[in-house]
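To start, the structure itself, in C-alpha cells.
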C-alpha cells in the first residue's frame, strides 16, 4: 500500500505510530500495564468518571486539552448511564477487554515484526504506514463481526429461563485437557515444534465444542479448560479434544473433570473445581479422563469406569474419583 496523494511521507516509525494510533506518552512497559489496571482495581469511593479521567491522564492524554477527548469520554459515559449500566459491572468487563485486547495486540505486533524485519530500514516507515492503513479498518470490522457472532449465542444461553436465575457462583462442570510429554517433545525437536503443538491444542479446544453446549474458556500452558453447565456434555467434549490431539500430534493428552460452584468474573472461571480439574490430570493415565465423584453423578452408565480414591494436594483425606470411558464411535 502506498501513501495517498498529498499525504506527507513519514520520516520515522514513531511518526507513523503517532499519526495512525495517536500520540500518547507511554510509560515503561510494566508501568503501563499497571496503569491499565486502574479501571480494574477500583477504589470504593471513586466514581467511574474520575477513574476514566485519571486513566487518560496517566496515558499522557490531558482530559481538558484537547477538548474533543473530554467530549468523547463524556459521551461514552453518558451512554453507559442512559443504558442503565451498573457501575459495579465495569471492572470485570474492563478486565476482560484488557486481557483479550492485550493478547490481540501482542499477536499483531509480532506479525508486523515478521513483515517488516526484511524491509530496508529506509523503507520501513512507509511500509508500516501502509500496513496500518489497511489493518486498522479491517481490525475494527473483524472485531464487530466476531463479537456479534460470539455474543449472540452467549446471550441466548445465559438469558434462557434455566440460566437467567443462576447466581454468579452457580455450579459448572469444568475439564482440563492437558498434553503429556510436551517438555520432552520440545527438548528433542526444533523450536518450531512448539508452533504445531500450540495450534493443535487450539484446534482441539475449538473442534471439541462445536457440537456441545461447552466453551473453551482458557488456554493455559499445554492445556485447555472446557466449561459448561452439563457434566455429560463437558465429558464428551473432553474426549473429543483428547482424540483430536492424538490424531494431530506425536503426543498424548489426559484430562480431569470436576463440578461445583465457580465464580464467573471477567470472562473467566475461578474456584475449587478449576483447581481439582488441573490436579486430576496429574493422576490420569495418558488418553484418559478422570472425574470427581460429584462430576460423574448423573453421567450415562456407559461412560463410568473404575472407581477409586486418590490423594490430592490440598484436600484432606482421599478424594473419590471415577475413570470415565470414552463413548463408542
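Residue numbers (our numbering): 8 to 336. Heads up, the beta-carbon is just placed ideally off N, CA and C, and yes, glycines get one too. Remember, it's a predicted structure, so these values are computed and weren't measured experimentally.
Use the C-beta contact count for residue i: other C-beta atoms within 10 angstroms, 16 or more gives buried, fewer gives exposed.
i	result
residue 280	buried
residue 182	buried
residue 39	Because the pLDDT at residue 39 is just 48, under 50, the model does not fix this residue reliably, and the point stays unresolved.
residue 252	buried
residue 23	buried
residue 101	buried
residue 134	buried
Per DSSP, which residues does residue i bridge with? Please list them.
i	result
residue 259	187
residue 179	267
residue 208	Paired residue(s): none; residue 208 is not in a bridge.
residue 277	270
residue 230	185 and 227
residue 327	316
residue 235	180
residue 222	234
Which first and last residues belong to the alpha helix (DSSP H) in which residue i is found?
i	result
residue 315	It is not in any alpha helix (DSSP H) - residue 315 instead sits in the beta strand (DSSP E) that spans 311-318.
residue 24	20-28
residue 141	128-165
Check this for me: beta carbons of residue i and residue j, under 9 Å apart or not?
i	j	result
residue 238	residue 304	yes
residue 264	residue 298	yes
residue 249	residue 241	no
residue 301	residue 266	yes
residue 274	residue 106	yes
residue 143	residue 26	no
residue 260	residue 230	yes
residue 312	residue 176	no
residue 99	residue 272	yes
residue 236	residue 170	yes
residue 204	residue 217	no
If you follow the beta strand (DSSP E) that residue i is in, where does it begin and where does it stop?
i	result
residue 298	296-299
For residue i, is the beta carbon positioned less than 8 Å from some heavy atom of the ligand MG?
i	result
residue 237	Within the structure as shown, the ligand MG is missing, as the structure has no ligands at all.
For residue i, would you say it is in contact with chain B, using Cβ-to-Cβ distances shorter than 9 Å as the test?
i	result
residue 127	In the displayed structure, chain B is absent; only one protein chain is listed.
Does the pairing of the stretch 284-293 with the stretch 316-329 give three or more beta-carbon distances under 8 Å?
Yes, the stretch 284-293 touches the stretch 316-329.
Given 8 Å, three or more beta-carbon pairs between the stretch 152-172 and the stretch 182-201:
Because the criterion of three Cβ pairs below 8 Å is not met, the stretch 152-172 and the stretch 182-201 do not touch.
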